[in-house]
Each structure stands twice: as structure tokens, then as C-alpha cells.
Amino acid sequence: MASAEERYNVRETESAWQKAWSERGCFKAESASTKPKYYVLEMFPYPSGRIHMGHVRNYTLGDVVARFKKAQGYNILHPMGWDAFGLPAENAALERGVHPGTWTRQNIKVMREQFMPLGLSLDWAREISTCEPEYYKHEQKMFLDFLKAGLAYRKESWVNWDPVEHTVLANEQVIDGRGWRSGAVVEQRKLNQWFLKITHFAEDLLKSIDGLERWPDKVRLMQTNWIGRSEGARVFWPLLNADGSARSESLEVFTTRPDTLFGASFCALSPQHPIAVKLAESDAKLAAFIAECNRAGTATASIETAEKMGHDTGLRAAHPFIAGASVPVYVANFVLMEYGAGAIFGCPGHDQRDMDFARKYKLSVKCVVAPKGEDAKAFAAKLEAGSEAFVEDGIAINSDFLNGLSVNDAKRAAIAKLETLKLGKGTVQYRLRDWGVSRQRYWGCPIPIIHCEACGAVPVPDKDLPVTLPEDVTFDKPGNPLERHPTWKHVVCPACKKPALRETDTFDTFIESSWYFARFCSPQAADKPFDKAEAMRWLPVDQYIGGVEHAVLHLLYSRFFTRAMQACGYLDLKEPFAGLFTQGMVCHETYKSPEGAWVEPGEVRKDGEKAVHAKTGAAVTIGRSEKMSKSKKNTVDPQRIIDTYGADAARLFMLSDSPPERDLEWTDAGIEGAWRYVNRLWRLAITAKTIPARALPNFATLSAPAQKAVRECHRAIKDVTDDLERFRYNAAVARIRELSNTLTELNHAEPGTADVFRFGVETLARLANPFVPHVAEEMWRELGHVAILAETAWPAFDASLIEDDTVTVGVQVNGKLRGTITVAKAADQKAYEAAALDLPGVQKHLDGKPPRKVIVVREKIVNIVAA
RNA sequence: GCCCCCGUGGCGGAAUGGUAGACGCAACGGACUUAAAAUCCGUUGUCUGGUAACGGACGUGCCGGUUCAAGUCCGGCCGGGGGCACCA
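Its first residue numbered 373, the first sequence is counted upward by one per residue in this note's numbering.
Encoded structure:
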């Protein structure tokens, strides 16, 4: 055993190995290599100031993958960078008067230094920072290429306006009617905006989800729902004036239920529908109603509680199937302009919203679908008198040529008829809308466009790229500093050379993260975003790791952007991430003082079940464990943990207690336990190094306990390897601990097993390497190895030693365990049966009678069914 | 409202339909120590019989089903979490 003087010096050991790895360039991606490639990437961090536990977990998970795959012989690309544009930098500028660039670059410096002691196997030579012109100039060029290819466009539209951030937000960035960062209730404004045509790829983005086999089902489902494919029909309703005379236009609606057309009792337009807007010009009441709707849309946070309101335009729409019939045309607050045609036909009998609307405005309700097997007349009478729509499958009734058809057949028949009449056609509608990328902010990539009165929106010529941000800006007033900069926006039109204005909006920062993974592939090409051949060699990312909060946003944008880059010749690739792993959050108990203020864990002293404030002694209530956040003050600073216990202990704790996809609760006891195990590993190595290194004697000559231990080692290699492949890191750590328990027992109890013990500790070091790389290296070195463990091949197991000659299986009587038998693996069923029936416990429960049946599943179980 | 996931000891969690609770945390007992820390050895699902050796019953949210065998599969509830949400 190690003497008292010999203690594991974490600090020195960890920094020494970090230095050794760095000096040797262990983790540099090889540009020319015959090894198969493996690209490991964690979602790059936003430089907010300091690293937090979520970062530690994220990068530790990726590091396990990288180190394991490296040991398995892959050429690894494991780069790091900074998602450096964003609003917090501007807020800091506002609050502290520091330039966003200064603040951001300072944070990067601090966080980079904080990352170093974690011992991550990163290739820092490829570090990128998205706020530098060397990075963002390429996306300006790409944007102009997208523009040429028709994948970017500008249009005036209603947009989500965040009144706190003073900027537009994408649909994906509005959560529960509030801005995803500010939490402010989002308003609707009509603005000229740049859009990227993500809908162009809607079908492909949806279909390709099937091929993303190494993505979590949850994320695939979320993207599927977000894209929201619906099959239905566009239907044209010729419009009539109040007096029944025909108007020149017809109203287009989208429906997924053309089978219910015979149940139509009204049509409704969105308040933003062009026809509604036009009618409002000569109808003051309607204009007031529309204004009211637009205001309500902005002021009401809880849209779902908003009452359905409508305004009768006086117009009528001619029914496509019933000659001479028509329905009233309303403008209604619940009809969305952005979806479908911005107008609907209402069938109250089979849509709850339409029912609500019909009851409120006393419109007719007609049942046109009845459940199969029920009395249609009675059902229809009940439905038409009630207030609940029937939305399930059934049989068409009261519907002329559709009568008797199922919902699906009726849909098909209705569409066919519409197409014959040229009053509609079958179509596919997506919920997905184009990605609005204009932001009225300073700290982002300038949109490379010049607005000229004569020439319109003119792209900035290549030779004038990049359009860089001016440094001399002020943040003393709300709004966009670029807009009020005295000179920056004043330029001449590249086409006509007359005075013109620069676009002062910047890109949504999700653009930078939509292609950074490709930039990493070729070390910082100056004249192009990345080298195509290099990118094709490394991409797709083999394993991408990050939080599930990006399931739709970043991950969908990147999938789109990759397709857009392909369309413009940058790549020949559609899917950027072949494998995705979404980690859980790092949580901690919350504490509150009697006054209701949050209390930091550092100020709380635990006294059994109770908690008290360390300084004042006042009782503190313990709340549920929640995601670490500054607002709830339940954070633990990684820096402090690493200073105290070292990176290995922090990494081990992150990996060992919970499955990586689940939330992890940080506890002091947990990190202590991890720390103890790191020391235990080291002591095992110190003990083992006193044994001379020599080849393991022939297996057959070993004592029985030694043989058993050797088998254990090989089984551990197999199990840990399997667990690593399947992201079962908590199970892998448990398996490693089991092996150390076996070795400790062996060393204590059995003399003459020294060689095997030494072999076991070596195996332990190699298996522990991806998880706790520093102490593993130290063990490896203590055991006399010169080669660095980080560059040593993953251990192989001997399949013949995995299997034992005998097997122990349970013996049940009527499904209840009554004993176990150990039999030769080669034994036949009869031998199992005989051994099982021989057990006293079995005899007792058979009560002297012969068994009715004996089920033998070799190497698994024996179950005896008693008479 | 719609869709998805999850319910296992005091706690985190193991368990290709085949010996439920691996591994760890906490707790308790012991060794070492003047003492403490550290370390090492042991006990630990619940109830219950027995001085003991050793047994018995129950047990994976609840109710039912399939099966020789169910934490695992199927149906129905209850509870928790997440996503979407006036998407026609």
C-alpha cells in the first residue's frame, strides 16, 4: 500500500500531462492520413463570461468519444471555437460602457483558459471566433450566392418584434408568445426583411429525417412536427357581392378536410389577408376590427384564451359543389395569414374552432360525417344541436356524391371533383415558414446589401467584401447603433454610383452556427469559407453533442444551410451531422431564505435533512433540483471544483452517476466519491508498480483465482467497449469500478497472483483513459510505459477468455427462484434438469410430486412447473 | 387540446422476456490511530419465523391480460416531465 507520504498530487499531475499532450501535438487532426476519419464536435459555446457545469458536461462527453475513437485507431478531428456574436455583448455594452467586441474577446480569453485545465483532447489550432471578419466575410459571400440562387429574398411582412431587444425574431425564437432570450411579449410589425428560403427544402428536410438513424427519436420527431406536413386541397370560392352579383376575384382557402365541403357554413379571412385589407379601405368598421385584431395579436400573451371574433364582410362565397348556394365571408381573428392561403372555409360540424365560431355568430351547423355503425340521422341531430364537433373518422353523409365514403376516400373523391371543375386541387402544405434573418442589432454580421433608390437592393461587390462593423458606435440610446452611425451607412450605389444607403440590419446569429462545422475542416482558408475537398473528407460530423434545446433551431437551420451550400456548389452533402447526442442538463437543489430570496449552495450548511444559512444559522428551505441558473443561484463554479478536486474527478462525477441523456444532479457527496475513486486508481498503480513487469504466464498454468481474474479483465474490456459505443457511460464507469473491486480482492486474498494483478491494473488504466485521462496516464507511466496512453491503442479482448466452461443459472419453481445450479456449458438439457431437480429447495416446493413440466433454457434459466 | 418520453431501495441508477436492485452515494458496525481525517474490512429492499444454521411471504406507480416466466410485451387508469399549440 502507498505510504502516507505518497499522495496523489492532482494539480501537478494534471497540468504536467496537459503540457505533455500539447507539446506532442497528440490531438492535432492529421490532414494526410491513411486512418479512417472521425469528426467529433460539441456545440460551440457562446462566450458569456465564464464556463459553467453544462459546458463541463458537454465537452467531457465529447472528449470521451474523441479519446475512445482515437484509441480505436481513427484520425480524429475535435476542434473548438466560439459562437461570438450575440445580444449579451450588446447588453454588456449598455450596462458597462464596454465595446461588445472588447467584452467578447476578453470572455473568450478567460473561457479558453478555463477550458485548458479540463484536459480536453481538442485541436486548438483550428479555433475560430465567429465575430471576426475572417470568419463572417465568408458568410456574406455565401448569402450573396444564395441570393443569386433564389434561396434568399427580401419582402415586407408581418414579423415578430421583441420590444425589449428592439429586434425581429424568427418563428423558432418565439416561445409561448415571448422572445426566447428577453422573455418579452412579442409584437407583430410589418417590416422589410431578408429571408432564407428554408421552405424550398421542406420536403427534403422532412424525408431525410428517416435517414438520420443516429439521432435521438425525440429530436427527429420534434423536427417532423415543426416542418408539419399536411395533405389537403386548395379550394377556390368565387366571390359574390351582397346582392348576389359576381365579383371578379375568387377566394382561395386551404383545407385538410375537403371531404367536409358539404358542411361548409362560412368562409373566413385572416385580418391581414389582402382582400380584407382592400375591403377595409371602404369599410371603417372592418378597418377598426382589423386594427383591433392586430393589436390583440401583439398584446395578448395567452392566444389560446383569446375569444374567437369575426366581422361579416357582407360578401358571399359561392359553394364549389352546390350550384346556387353560397356562404357568408367573415374576417376572423383566429385565421393565420402565414399558413395555407390565409383563409379558410368553416365546417362547424367537424372542426371545434369552426363550431365555436358558428355558435357565436349563429351560423348553421350541418353534420356531414357520422361514426361508422351508428344511426346517422340520430347522430346528425345530436351533433347539430350540440356544441361539440365530431373530428374522428367516419362515413360521409348529407354530401351528395361523397355519401357512404370513408373520410379518406371522400377526401380523394372531393379533390378529384374540384380538379375536374377547376375549382381547386390537391396540395401539400407545410407549417414551416421561411427563416427571417434580419436583426436590428449591432453585434452581428452585416448584411452585404446596398439600397439604392434607383437600383433597389444591390449586392455589395465581391471586391468590397467583407462589410465590417464600425468600431466607433454608441449604445446610449435604444435601437440599432448602425442605423444612427454618422457615416457608415452612407455609400454610393455599386451599380449607378449615386448616393445610396447600406443595409443596417445584421444577420441572425444562428447563421454563424449553421456552417462553422465546415469551417473547421480546413485550417482557416483565407480566400474561401473552407476547402471543399477537405470538408468532404471530414464531413459529415460523426458525432455531434449538445443540448436538446437546439432540437429545432440550430439543428434545423444547419440542415437547411448545408443544402443551400450544396445548391451553390460549396459542398456535395445534405446532412451535416450523421450522429447526434443530446445531453441532459446539470441540476442542483435550490435553497430559499425565510424571506423568499434564493440562497447559493456555498452559503448553505446541511445538517442532516435540514439546511441552514452557514453564516447566520437561519433555517433555509430546500427546494427541488432544477437546472443550474444564475437567477436561482443554484450554480456551482467548475473552476472551484477543478481547483479542489482536479479535472478527472469532475469528469468522472459527470459521467458516472446518471446516463448522459438524462438530467444530472450535482451533489457534494458525488464529487467527493469521484475524487476518492481517482485516488484509489492511483494507489492501485503504486501498488502494482512494485511487481516486476513481465509477460503474463500461460493462462493454463495460472491458479484458479488468477484465471478468474484474467477472465474478468477480458470481460471488462468487452463490456466497457460496448458501453462506450452505446453512450452508456455510467454503466461503463460501473464496470470499471467492478474490475477494480475484483483486483483489490485478488491482491488482498490470493498470494501468487501478482502478475495478474499488475496486468489487471494496466487494463484498468487503459479502460479508464477516456474518462479520467490524467490519472490514467499517470498510472500508465508508473507502470513503466514510455509511450503516451493517449496514443496507445484500445485494448483488445481474447474472445476465448470471455467464455467460461461453466455457467450458473437460476432454478425456479412456478416462476419463483428456489436455488441456482452451476453446470458445464456443454451440458445438455437433461443434465440441467437433473441438477435442478436435485436441489433441496426445489424438492421441498415440489411436495414430493413429479413436476408437470420442466422448461430448460440453456445458459439462462430452468423453470419447473409443479403439478 | 394534440404528440412524445418517464414512474425500480433512503438517494443516483443496473437489468438482449430468463437469478430484480450491478456500480455508486448515504447510513450503520468493525480495524488502524492518543485522536481526527484518510484508508481498509463488513452490513444494508420491506415484512416475517428461528438462539442459530437457515428459511418464508411480499416487492419495479395502480388494475387487468399474454407467457412456463413480465421492471421489460399488450390494454386501461393515475402521477411526473418535455415538445407543439387558433397550422384549418
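Cβ atoms here follow ideal geometry from the backbone N, Cα and C, with glycine treated the same way.
With contact counted as at least three CB pairs below 8 angstroms, one residue from each stretch, are the region 838-848 and the region 780-794 in contact? no
Counting Cβ pairs, one atom from each stretch, are 3 or more of them under 8 angstroms apart for the region 376-395 and the region 475-482? no
Inter-stretch contact (C-beta, 8 angstroms, three-pair minimum) for the region 1056-1065 and the region 1126-1137: yes
Residue interval of the alpha helix (DSSP H) (run including Ser930): What you label residue 930 is simply residue 558 of the first sequence in a count that begins at 1. It spans Leu925 to Ala939 - the alpha helix (DSSP H) in which Ser930 sits, taken as one unbroken run.
Runs of 3 residues minimum, wholly inside the region 478-532: which ones carry the beta strand (DSSP E) assignment? 495-501
Count the C-beta pairs between the region 1036-1045 and the region 1015-1026 that are closer than 8 angstroms, then say yes if the count reaches three, no if not. yes
Name the two residues that bound the continuous beta strand (DSSP E) containing Pro646. Mapped onto the first sequence, residue 646 falls at position 274. Not the beta strand (DSSP E): Pro646 falls in the alpha helix (DSSP H), residues Pro646 to Ala652.
What is the rounded straight-line gap between the Cα of Arg606 and the Cα of Ala768? Counted from its first residue, the first sequence places residue 606 at position 234. Counted from its first residue, the first sequence places residue 768 at position 396. Their backbone Cα atoms lie some 20 angstroms apart in a straight line.
Taking the alpha carbon of Met957 as the reference point, which residue from Val1144, Phe1099, Tyr1017 and Arg1034 has its own alpha carbon closest? Within the first sequence, the letter at position 585 stands for residue 957. Here the closest residue by C-alpha is Arg1034.
Nearest by alpha-carbon distance to Glu679: which of Gly686, Pro866, Ala991 and Met727 is it? In the first sequence, residue 679 corresponds to position 307, counting from 1. Ranking the options by Cα distance to Glu679, first place goes to Met727.
For the 8 angstroms Cβ check, are there 3 or more pairs between the region 768-778 and the region 575-583? no
Taking only the alpha-carbon atoms, compute the straight-line gap between Ala936 and Ser642 and give it to the nearest angstrom. Translated into the one-based positions of the first sequence, residue 936 becomes position 564. Translated into the one-based positions of the first sequence, residue 642 becomes position 270. Whole-angstrom Cα-Cα distance: 32 angstroms.
When the Cβ atoms of the region 389-405 are set against those of the region 1087-1106, are three or more pairs found closer than 8 angstroms? no
Compute the minimum distance between the beta carbon of Phe567 and the heavy atoms of the ligand GDP, and state whether it is under 7 angstroms. Because no ligand of any kind appears in the structure shown, any question about the ligand GDP cannot be addressed here.
Leaving out five residues before and five after Glu875 in sequence, what residues of the same chain have Cβ atoms less than 6 angstroms from its Cβ? Walking along the first sequence from the start, residue 875 turns up at place 503. So the qualifying residues of the chain are Ile819 and Ile821.
How should Asn430 be labelled, buried or exposed, when 16 other C-beta atoms within 10 angstroms of its C-beta is the threshold for buried? Residue mapping note: residue 430 aligns to position 58 of the first sequence, counting from 1. That one is buried.
Using C-beta distances below 6 angstroms, list every residue in its chain close to Glu855, excluding the 5 sequence neighbours before and after it, in chain order. As a working note, residue 855 is residue 483 in the first sequence. Result list for Glu855: Thr876, in chain order.
Opposing strand residues paired with Thr962 [DSSP bridges]: Taking the first sequence and counting its residues from 1, the one referred to as residue 962 is at position 590. Note: Thr962 sits in a beta bridge opposite Gly995.
Other residues of its chain near Ile1242: CB distance less than 7 angstroms, five sequence neighbours each side excluded: Given that the chain is displayed from residue 373 to residue 1239, the structure contains no residue 1242 and the question cannot be resolved.
Who are the near neighbours of Glu664 in its chain, counting only those whose CB is closer than 7 angstroms to its CB and skipping five residues on each side? Stepping through the first sequence from its first residue, residue 664 is reached at position 292. Here the set comprises nothing.
Of the listed residues Lys904, Arg688, Gln955 and Cys639, nearest to Gln938 (C-alpha basis): Counting from 1 along the first sequence, the entry for residue 938 is found at position 566. For the residues Lys904, Arg688, Gln955 and Cys639, the minimum Cα distance to Gln938 belongs to Lys904.
In whole angstroms, what separates the C-alpha of Val1133 from that of Ser1075? Working through the first sequence from its first residue, we reach residue 1133 at position 761. Working through the first sequence from its first residue, we reach residue 1075 at position 703. One C-alpha to the other measures close to 18 angstroms.
Beta-bridge pairing of Ser622 - partner residues as DSSP gives them: Within the first sequence, numbered from 1, the residue matching residue 622 stands at position 250. BP columns for Ser622 point to Pro610.
Does DSSP put Gly718 in a helix, a strand or coil? Along the first sequence, one-based indexing puts residue 718 at 346. Strand.
Looking at Arg439: is its Cβ nearer than 8 angstroms to the Cβ of Ala1021? If you number the first sequence from 1, residue 439 lands on position 67. If you number the first sequence from 1, residue 1021 lands on position 649. No, these two residues do not count as a Cβ contact at 8 angstroms.
Rounded to whole angstroms, what's the CA-CA distance from Gly1156 to Cys959? Just pull it up for me. In the first sequence, the residue the question calls residue 1156 occupies position 784. In the first sequence, the residue the question calls residue 959 occupies position 587. Roughly 41 angstroms between the two C-alpha positions.
Tell me whether the region 1209-1222 and the region 1108-1127 touch, counting them as touching only if at least three CB pairs, one residue from each stretch, are closer than 8 angstroms. no
Pull the bridge partners of Asp684 from the DSSP assignment, please. As a first step, residue 684 is located in the first sequence; it is residue number 312 there, counting from the start. Bridge partners of Asp684: Tyr702.
Given this structure, state the Cα-to-Cα distance separating Arg891 from Ile662, to the nearest angstrom. The residue you call residue 891 lines up with position 519 of the first sequence. The residue you call residue 662 lines up with position 290 of the first sequence. Taking the straight line joining both Cα atoms gives about 48 angstroms.
Separation of Glu961 from Glu1037, as counted between CA atoms: Reading the first sequence from its first residue, position 665 is the one you call residue 1037. Reading the first sequence from its first residue, position 589 is the one you call residue 961. In a straight line, the C-alpha of Glu1037 is about 8 angstroms away from that of Glu961.
Selected residue, minimal CA-CA separation from Lys754, among Ala656, Lys738, Gln595 and Thr474: For the purposes of this step, residue 754 is taken as residue 382 along the first sequence, with counting starting at 1. Taking only the C-alpha atoms, the option nearest Lys754 is Lys738.
With a threshold of 16 other CB atoms inside 10 Å of the CB of Gly551, please say whether the residue is buried or exposed. Position 179 of the first sequence holds residue 551. By the 10 Å Cβ count, Gly551 comes out buried.
Three-state secondary structure assigned by DSSP to Arg813: If you number the first sequence from 1, residue 813 lands on position 441. If DSSP states are grouped into helix, strand and coil, Arg813 belongs with coil.
Helix, strand or coil at Asp534 [DSSP, three-state]: Within the first sequence, the letter at position 162 stands for residue 534. If DSSP states are grouped into helix, strand and coil, Asp534 belongs with the strands.
Closest residue to Arg784 among Pro630, Trp887 and Ala730 (Cα-Cα distance): Along the first sequence, read from residue 1 onward, the residue named residue 784 stands at position 412. Arg784 has its Cα closest to that of Pro630, out of Pro630, Trp887 and Ala730.
Can you name, in chain order, every residue of its own chain whose Cβ lies under 8 angstroms from the Cβ of Asp1219, other than the five neighbours on each side? Stepping through the first sequence from its first residue, residue 1219 is reached at position 847. Ala1238.
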